[in-house]
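Novice: In the numbering used here, the protein residues as written are 189 to 301. Backbone N, C-alpha and C define an ideal beta-carbon position, used for all residues, glycine too. Sharing a structure with you now.
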Ligand code: HEM
């Protein structure tokens with residue numbers, strides 16, 4: 189059945205895991221580069237840190253915190269699925285991972301604004 193799983197709740201969990209994993213992989217080199225400016229160009233670092241006051245940057249940080257949390261919790265679900273002799277309630281666990289991630293990133297955003 190070609191493409192038959194697409195749209196299933198756990199297909200969405202897979203898609204979210206892939207998108208968040210790729211986003212984290214793209215973010216990390218930029219993050220390290222920005223932090224490295226502390227050693228080579230402190231004034232430039234100050235300029236970049238000032239950008240974090242922009243509402244759009246705060247929104248992006250919310251997305252990043254959500255992505256990290258949902259990737260970590262979803263990854264732990266997958267590891268449990270692979271390693272533990274126990275596999276039921278995967279949709280519930282995936283929904284829980286998304287809900288907890290939204291809660292954590294929402295609290296982060298409320299503190300940031
Ligand atoms: C925070 C703890 C993390 C856990 C528990 C975790 C767990 C996992 C697991 C279990 C997989 C395999 C999924 C599968 O079997 O299909 C995976 C895939 C992946 N992870 Fe992570 N991960 C973590 C952090 C990260 C970070 C920090 C990055 C990026 C720098 C990352 C990038 C990726 C990517 C790109 C994939 C491949 C996704 C795909 O091919 O669909 N992960 N992760």
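(1) Over the uninterrupted alpha helix (DSSP H) stretch that includes residue 270, give me the two end residues.
(2) In chain order, what residues of the same chain lie with their CB nearer than 7 Å to the CB of residue 199, ignoring the 5 residues before and after it?
(3) Can you tell me whether residue 230 is helix, strand or coil according to DSSP?
(4) Between residue 296 and the rest of its own chain, which residues show a CB-CB distance below 8 Å, the 5 nearest in sequence each way excluded?
(5) Taking residue 218 as the reference, which of 263, 236 and 260 has the closest Cα?
(6) According to DSSP, is residue 276 helix, strand or coil?
(7) The ligand HEM and residue 263: does the residue's C-beta get closer than 7 Å to at least one heavy atom of that ligand?
Specialist: In short, the structure shows the following:
(1) Counting from one through the chain shown, the residue named residue 270 turns up at place 82. Where residue 270 is concerned, the enclosing alpha helix (DSSP H) stretches over 243-271.
(2) To locate residue 199, count along the chain shown from 1; it is residue 11. For residue 199, where only same-chain residues beyond five positions count, the Cβ hits under 7 Å are 193.
(3) The residue you call residue 230 lines up with position 42 of the chain shown. Three-state DSSP puts residue 230 in a helix.
(4) Residue 296 sits at position 108 when you count from the first residue of the chain shown. Closer than 8 Å at Cβ, skipping near neighbours: 249, 250 and 253.
(5) Locating residue 218 in the chain shown gives position 30, where the first residue counts as 1. Residue 236 is the option with its Cα nearest to residue 218.
(6) Within the chain shown, numbered from 1, the residue matching residue 276 stands at position 88. Coil.
(7) One-based indexing of the chain shown puts residue 263 at position 75. At a threshold of 7 Å, residue 263 counts as near the ligand HEM, since its beta carbon sits closer than that to one of the ligand's heavy atoms.
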